[in-house]
Amino acid sequence: MNSRLTAQGIPVSCEVDIYGALSEFIGTVVSNDIVTLLDINNNVPADLYREDIEGKFDYTHKDTFMGFHCGNTASKKLSFCEMKYQLIMARSLPEEVTQGTLEGDIVPGDITFFRLQSTADCKLRAYIAQGEVLPVATRSFGSIGIFAIPEMGRFYRHVLIEKNFPHHGAVAFGKHGKVLFEVFKYIGVPVEEIGYNQPKGVRYPTENPWG
Numbered sequence: 002m003n004s005r006l007t008a009q010g011i012p013v014s015c016e017v018d019i020y021g022a023l024s025e026f027i028g029t030v031v032s033n034d035i036v037t038l039l040d041i042n043n044n045v046p047a048d049l050y051r052e053d054i055e056g057k058f059d060y061t062h063k064d065t066f067m068g069f070h071c072g073n074t075a076s077k078k079l080s081f082c083e084m085k086y087q088l089i090m091a092r093s094l095p096e097e098v099t100q101g102t103l104e105g106d107i108v109p110g111d112i113t114f115f116r117l118q119s120t121a122d123c124k125l126r127a128y129i130a131q132g133e134v135l136p137v138a139t140r141s142f143g144s145i146g147i148f149a150i151p152e153m154g155r156f157y158r159h160v161l162i163e164k165n166f167p168h169h170g171a172v173a174f175g176k177h178g179k180v181l182f183e184v185f186k187y188i189g190v191p192v193e194e195i196g197y198n199q200p201k202g203v204r205y206p207t208e209n210p211w212g
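The following block contains the structure:
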């Protein structure tokens, strides 16, 4: 159901993620396309990186991560799909009550990972990072893809963690960073509160210059 609603341009977020749904809506309007919402805090296994990514793509292991969720991505954005059950929930519940997730690897290509968020003291923050979904099999479950964003490791530490962003990120398919940056400014996000992945050699304000 979640994937069908998303395919119709209706934002759907798991775990009562209101700002996640709002981020999806913004991405839908900006890209005029289907978006999705994924966990951004899963590593690519070291053996998978060595076997299928290292030497074939110009990304370090820290540039890559698994974008994952239980099955909310629209079928049009999956390379293949299959109706299954929620594997994580089925570890503690009967399988028959966890059925109905749409699973498959996310289509490779350019993406923009982004999010709008409010802090506990009512300040708006956002982040934007452009990258791609690699054409590499995930060997896993759920709606999932192997994502690569230049300097992702530093971005994750100095923006996502330091700024207390949740583990969900919205995904727009294509490069939409320029427009999203202007949208976030327009709705009142201070420019200094719009994070992005700094290029190699450009330090974040809190980054130790001695590494």
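If you count the sequence shown from 1, you need to add 1 to reach this note's numbering. Quick reminder that beta carbons are idealized off the backbone N, C-alpha and C, glycines included.
Start and end residues, beta strand (DSSP E) containing residue i
i, result
"ALA130", "125-134"
"ARG116", "110-119"
For residue i, the nearest candidate out of the options (CA to CA)
i, options, result
"PHE114", "MET153, HIS159, GLY105 and LYS186", "MET153"
"GLY101", "LYS85, ASP111 and GLY170", "LYS85"
"ARG204", "GLN118, GLY170 and ARG158", "ARG158"
"PHE81", "ILE188, VAL98 and ARG140", "ARG140"
"ALA215", "GLN87, PHE166, GLY202 and PRO95", "One cannot answer for residue 215 here, as it falls past the ends of the chain, which runs 2 to 212."
"ASP18", "VAL180, GLU208, PRO136 and SER119", "SER119"
"ALA75", "GLY143, GLY21 and SER93", "GLY143"
"PRO191", "PHE182, GLN199 and LEU38", "PHE182"
"LEU225", "PRO200, LEU135, GLY202 and PRO12", "It is not possible to answer for residue 225, since the shown part of the chain is limited to 2 through 212."
"GLU163", "ILE27, THR207 and GLY21", "THR207"
"VAL184", "ASN73, ILE147, TYR128 and PHE58", "TYR128"
"LYS57", "VAL137, TYR197 and ALA91", "VAL137"
"VAL36", "ASN73, GLY196 and ILE195", "ASN73"
Status (buried if at least 16 other CB within 10 Å, exposed otherwise) for residue i
i, result
"ILE161", "Per the sequence presented here, residue 161 reads as Leu, with Ile not at that position. Answer is buried; the Cβ neighbour count reaches 16."
"MET67", "buried"
"TYR187", "exposed"
"THR29", "buried"
"GLU97", "exposed"
"CYS71", "buried"
"ILE89", "exposed"
"HIS177", "buried"
Pair within 7 Å by beta-carbon distance, residue i and residue j
i, j, result
"GLY132", "ILE112", "yes"
"GLY170", "SER32", "no"
"LEU117", "LEU23", "yes"
First through last residue of the alpha helix (DSSP H) which encompasses residue i
i, result
"TYR50", "47-53"
"TYR20", "19-32"
"ASN3", "3-8"
"GLU183", "178-187"
Could you tell me whether the segment 92-106 touches the segment 40-52, using the rule of 3 or more Cβ pairs below 8 Å? With a cut-off of 8 Å, the segment 40-52 and the segment 92-106 do not count as touching, because too few Cβ pairs lie within range.
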